[in-house]
Amino acid sequence: MNITAPRAGGATSDPLLQPFRLKGLTLRNRIVSTSHASMLDEGGMPLERYQLYHEEKARGGLAMTMAGGSAMTSPDSSWGGGQLDLSTDRIVPHLQSLSRRIHHRGAAVMCQVSHLGRRATAYAGNWLPPVAPSRVRETRNRNFPKEMDAADIDRIVKDYASAAKRCLDGDLDGIETVTGGHLIGQFLSRRTNRRTDGFGGSLENRARFGLMAHEAIRRAVGDDFAVGIRFVIDEAVEDGSDFEECLAFARLFEREGHIDFFNCIFGRMDTDLSLAEQNMPGMFSHSAPFLPLVGQFKRETRLPVIHAAGIRDIATARHAIRENLVDLVGMTRAHIADPHIVNKVMRGEEERIRPCVGASYCLYKKVQCIHNPASGHESIISHTIVRAETPKRVVVVGGGPGGMEAARVAAERGHKVSLLEAGARLGGQVLVAASAFDRKDLIGIIDWRIDELARLGVEVRLNTYADAEVVLAEQPDAVIIATGGIPDMERLEGAEHCDSVWDVLTGVVPTKDDVLIYDETGRQAAISCALHLARHGRVVSLAIADDTLAIETPYPDRVSFRKRASERGIRVVSDVRLVKAARQGSGIAARFRHELTGAETEMTAAQLIVERGTTPMEDTYQELRARSANNGVTDIALMTGTETKGDNGPQAAGSFVLHRIGDAVASRDIYSSIYEAYRLCSQI
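Following the UniProt record's numbering, the numbering of the sequence shown begins with 1 at its first residue and continues without gaps.
Structure follows, in structure tokens:
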């Protein structure tokens, strides 16, 4: 099958836009999105929202999208939800529908086919015990597996073949299996394979299960269907397979002749930390950390190579192809941030690509980007903003991420927009967050919107405190209040003795050598501040109201924060709530009450820094309410898309509608503010 599409004139010299032949496919360029668990399935089936999510990337111009991260070959390969279920024929018509959508957009589509082995759970899904080569428990999964016998091996080999055949019947263009921490990889690695029979011991014996599975797959799908492996090239642990052994395994698979490509990954996935630093490198990892080793692997093997790990930008992707480090470059999380990457490159609009800032928000609950509200929500909101029938005068008060998004969307709708910001810079709380060393890439959220606002001709007024009279002087049709919040010190006895995280990270107050930080949110702010100060030589203690550090963050950030807190010698005291702060000599005494026992204790330090979220800045909103057509009430139906009312119903002549968004309503996160702004302003 040829999957091709026309290109913009003059763009064909770009190595990323060159076609590539993979088995029987002619892919239209070198950019792909690799398999991942989007959590958009419904009972294991890829229904409308799952299909729309992948279709948007195909619409955006990429060569191939790969569905089904950890898709189940067998009923005992469940982690409890969020996987495609390839163990039943029920999935075939849904795969056919997915394929039609993707092919119609000119892209190819494949699916990951795998058995989790010991990574499965016994306590959800089908409530079946996990199986594995040996009875070795995974740290992250925590289940004790049954050691597979001959019947298990035969059954699961057949299941691999049946699952692959369902993908063929579903009109997909190919599949990949997985080594790594999944069942085939568990047989390959000495860490998890302690067998003494024909499936353990020597390299050839440990490869036998994977070779059998691929031979069965090839018999089931025929010679023309593309079959590959997401293949670990180094387990990066003393008792695991190093690069040379992984290369030897790769040559065995090549020699048997049943596979067509390697999708290279690095390291392990059996702990949160290994997932965060190796398998899916996040905020704390530098760009494309394993690309050089993948290039070395490619030089030693003969099959095409795909790689995706922290490749967030076009410059890095272009380098990977130009230097022949890979044949196809995976930009999976980058496509969650902007599914139209390729089309923008083809149009000469590379600078307009919405950047992946590495925040790991797409790993928080389900696939969604910290600053692209449409990703993962394609069934309810569009990536394309529709122009309004009647242009209006829109005033946005507040230039944080929510206010900037409101102004951007309103301008895309064709409205005349003014953005009024009290400070000297746009960015709001993101400026504070990005001042912490490990979170500096978050500034991409702001920089991209600054460029978009300039392109759209939005009037931006800095150093402008917008009270009611300033706003009304603009004779607006709609006013969006996005003034955010200020650090919440309300009802805290002794608040006058405390500094906020904002004060410290922005340099408003100097920091002392001995610092106590109190965190009542479980978000990134307090721990980022703690690490920032520890990096600069301060002695830092951290008291938290929760039982776990950074509990309200994606798991890659959570474990990485814990690791860095330990490395920096930060003392963490959990399950305590700040009751009172008081001056004690030259320092501060902080009284805490234990959340479980009620016992009170005291900690002292030269400086007490408090993080309790924010309280809304709502003065301008309250001043405007009585003068607005809707009394400042935003209809929930308007926000949720359950009913479109334009401007919340009839509008009196000469009046305006008033809305507020983001932390001006309640203390939340970046994503919530941007999502709220997008949904609201798409209707104005």
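The C-beta atom is built at its ideal place from N, Cα and C for all residues, glycine as well.
Every value quoted in this text rests on a predicted model; they were computed, and no experiment measured them.
Checklist line | Assigned exposure category for L608 - 16 Cβ within 10 Å defines buried | finding: For the purposes of this step, residue 608 is taken as the residue at position 608 of the sequence shown. Buried, since its Cβ has 16 or more Cβ neighbours within 10 Å.
Margin query: At the level of alpha carbons, what is the spacing between S672 and E215?
Written below: Working through the sequence shown from its first residue, we reach residue 672 at position 672. Working through the sequence shown from its first residue, we reach residue 215 at position 215. If you take the alpha carbons of S672 and E215, they lie about 48 Å apart.
Next item on the list: Have a look at E235, C111, R312 and flag the residue whose alpha-carbon is nearest the alpha-carbon of C246.
Entry: The sequence position of residue 246 within the sequence shown is 246, counting from 1. Nearest option by C-alpha distance: E235.
Next item on the list: Have a look at D663 and R535 and give me their C-alpha separation to the nearest angstrom.
Entry: Walking along the sequence shown from the start, residue 663 turns up at place 663. Walking along the sequence shown from the start, residue 535 turns up at place 535. Straight-line Cα distance between these residues: approximately 30 Å.
Note to self: Between which two residues does the alpha helix (DSSP H) holding K344 run?
What the structure shows: By 1-based counting over the sequence shown, the position of residue 344 is 344. Counting along the chain, the alpha helix (DSSP H) containing K344 begins and ends at 341 to 346.
Notebook entry, point to check: Taking the C-alpha atoms as reference points, what is the distance between G649 and I381?
Noted result: Counting from one through the sequence shown, the residue named residue 649 turns up at place 649. Counting from one through the sequence shown, the residue named residue 381 turns up at place 381. Residue confidence for G649 is low, a pLDDT of 46 falling below 50, so the modelled location carries little weight and cannot support an answer.
Next item on the list: Specify the secondary structure class of G646 as computed by DSSP and reduced to three states.
Entry: Counted from its first residue, the sequence shown places residue 646 at position 646. The predicted position of G646 is uncertain, since its pLDDT is 48 and thus under 50; no value can be drawn from it.
Next item on the list: Could you tell me which residues DSSP puts in a beta bridge with Q186?
Entry: Translated into positions along the sequence shown, residue 186 becomes position 186. Partner(s): none; Q186 has no beta bridge.
Next item on the list: Could you have a look at L16 and say whether DSSP puts it in helix, strand or coil?
Entry: Position 16 of the sequence shown holds residue 16. In this structure, L16 counts as helix in the three-state DSSP scheme.
Next item on the list: Identify the continuous beta strand (DSSP E) that holds E474 and give its terminal residues.
Entry: Here residue 474 corresponds to residue number 474 of the sequence shown, with the count starting at 1. Looking at the DSSP string, E474 is not in any beta strand (DSSP E), and its letter there is neither H nor E.
Notebook entry, point to check: Apart from the five residues on each side of it in sequence, which residues of its chain come closer than 7 Å, Cβ to Cβ, to A424?
Noted result: Mapped onto the sequence shown, residue 424 falls at position 424. The answer, listed in chain order, is L462, N463.
Checklist line | Contained beta strand (DSSP E) runs [length at least 3] in the stretch 350 to 436, N- to C-terminal order | finding: 393 to 397, 416 to 420
Item checked: Beta bridge counterpart(s) of G330 as assigned by DSSP -> For the purposes of this step, residue 330 is taken as the residue at position 330 of the sequence shown. According to DSSP, which records beta bridges pairwise, G330 is partnered with V32.
Item checked: Of the listed residues V109, S77, I353, nearest to residue 685 (C-alpha basis) -> Outside the displayed range of the chain (1 to 684) lies residue 685, so it cannot be described from this structure.
Checklist line | Three-state class that DSSP yields for Q296 in the structure shown | finding: One-based indexing of the sequence shown puts residue 296 at position 296. If DSSP states are grouped into helix, strand and coil, Q296 belongs with the helices.
Notebook entry, point to check: When DSSP labels each residue in this structure, what does M212 get in the three-state scheme?
Noted result: Along the sequence shown, one-based indexing puts residue 212 at 212. Helix.
Next item on the list: Inspect the beta-carbon positions of H497 and R593 and report whether they are closer than 8 Å.
Entry: Position 497 of the sequence shown holds residue 497. Position 593 of the sequence shown holds residue 593. No, the Cβ-Cβ distance between H497 and R593 is not below 8 Å.
Note to self: DSSP has T614 in a bridge; who is on the other side?
What the structure shows: Within the sequence shown, the letter at position 614 stands for residue 614. According to DSSP, T614 bridges with P487.
Check: How would you call D338, buried or exposed, if buried means at least 16 neighbouring beta carbons within 10 angstroms?
Finding: What you label residue 338 is simply residue 338 of the sequence shown in a count that begins at 1. With 16 or more other Cβ atoms within 10 Å, it is buried.
Next item on the list: Can you have a look at G485 and say buried or exposed, based on whether 16 or more other CB atoms are within 10 angstroms of its CB?
Entry: Taking the sequence shown and counting its residues from 1, one reaches residue 485 at position 485. Its Cβ being crowded by 16 or more others within 10 Å, G485 is buried.
Check: Looking at the unbroken beta strand (DSSP E) that takes in Y518, where does it start and where does it end?
Finding: For the purposes of this step, residue 518 is identified with residue 518 of the sequence shown, where counting begins at 1. Unbroken beta strand (DSSP E) run through Y518: 514 to 519.
Notebook entry, point to check: How many angstroms separate the CA atom of T301 from the CA atom of V504?
Noted result: To locate residue 301, count along the sequence shown from 1; it is residue 301. To locate residue 504, count along the sequence shown from 1; it is residue 504. In a straight line, the C-alpha of T301 is about 52 Å away from that of V504.
Notebook entry, point to check: N205 to G198, Cα distance in whole Å?
Noted result: Taking the first residue of the sequence shown as 1, we reach residue 205 at position 205. Taking the first residue of the sequence shown as 1, we reach residue 198 at position 198. Cα to Cα, N205 sits roughly 6 Å from G198.
Next item on the list: State the beta-bridge partners of V572 as determined by DSSP.
Entry: Within the sequence shown, the letter at position 572 stands for residue 572. V572 is bridged to L542.
Margin query: The alpha helix (DSSP H) that contains T640, what's its start and end?
Written below: Counting from 1 along the sequence shown, the entry for residue 640 is found at position 640. First-last of the alpha helix (DSSP H) with T640: 636 to 640.
Note to self: On the DSSP bridge list, what partners appear for H594?
What the structure shows: For the purposes of this step, residue 594 is taken as the residue at position 594 of the sequence shown. V576, per the DSSP bridge assignment.
Next item on the list: Could you name the residues of the same chain whose beta carbon sits closer than 7 Å to that of S655, not counting the 5 residues immediately before and after it, in chain order?
Entry: As a first step, residue 655 is located in the sequence shown; it is residue number 655 there, counting from the start. S628, A629, listed in sequence order.
Check: Among all the DSSP beta bridges, which residues are the ones paired with M66?
Finding: The residue given as residue 66 occupies position 66 in the sequence shown. Answer is M110.
Check: Can you tell me whether DSSP reads N263 as helix, strand or coil?
Finding: By 1-based counting over the sequence shown, the position of residue 263 is 263. Of the three classes helix, strand and coil, the one that applies to N263 here is strand, per DSSP.
Next item on the list: Give me whichever residues DSSP pairs with Q607 in a beta bridge.
Entry: Numbered from 1 along the sequence shown, position 607 holds the residue referred to as residue 607. Partner(s): V515.
Next item on the list: Would you mind reading off the limits of the alpha helix (DSSP H) that contains T506?
Entry: Here residue 506 corresponds to residue number 506 of the sequence shown, with the count starting at 1. Segment: none, T506 is in no alpha helix (DSSP H) and carries neither H nor E.
Notebook entry, point to check: What does F231 pair with, by DSSP beta-bridge criteria?
Noted result: Mapped onto the sequence shown, residue 231 falls at position 231. DSSP lists C264 as partners of F231.
Next item on the list: Ignore the nearest five residues each way along the sequence and tell me which others in I311's own chain have a CB closer than 8 Å to its CB.
Entry: Walking along the sequence shown from the start, residue 311 turns up at place 311. For I311, where only same-chain residues beyond five positions count, the Cβ hits under 8 Å are S287, A288, L291, A317, A320, V329, G330, M331, A334.
Checklist line | Own chain residues within Cβ distance below 8 Å of A8, not counting five before or after | finding: Translated into the one-based positions of the sequence shown, residue 8 becomes position 8. For A8, the predicted structure reports a pLDDT of 41, less than 50, and the residue's modelled location is therefore unreliable. A value from the coordinates is still provided. Cβ neighbours of A8 beyond the five flanking positions: M346, R347, G348.
Check: With C-beta atoms as the reference, is P15 less than 8 Å away from R449?
Finding: Residue mapping note: residue 15 aligns to position 15 of the sequence shown, counting from 1. Residue mapping note: residue 449 aligns to position 449 of the sequence shown, counting from 1. Cβ distance not < 8 Å, so P15 and R449 don't count as in contact.
Check: By a C-beta neighbour count over all protein chains shown, 10 Å radius and 16 as the cutoff for buried, is R191 buried or exposed?
Finding: Translated into positions along the sequence shown, residue 191 becomes position 191. R191 should be labelled buried.
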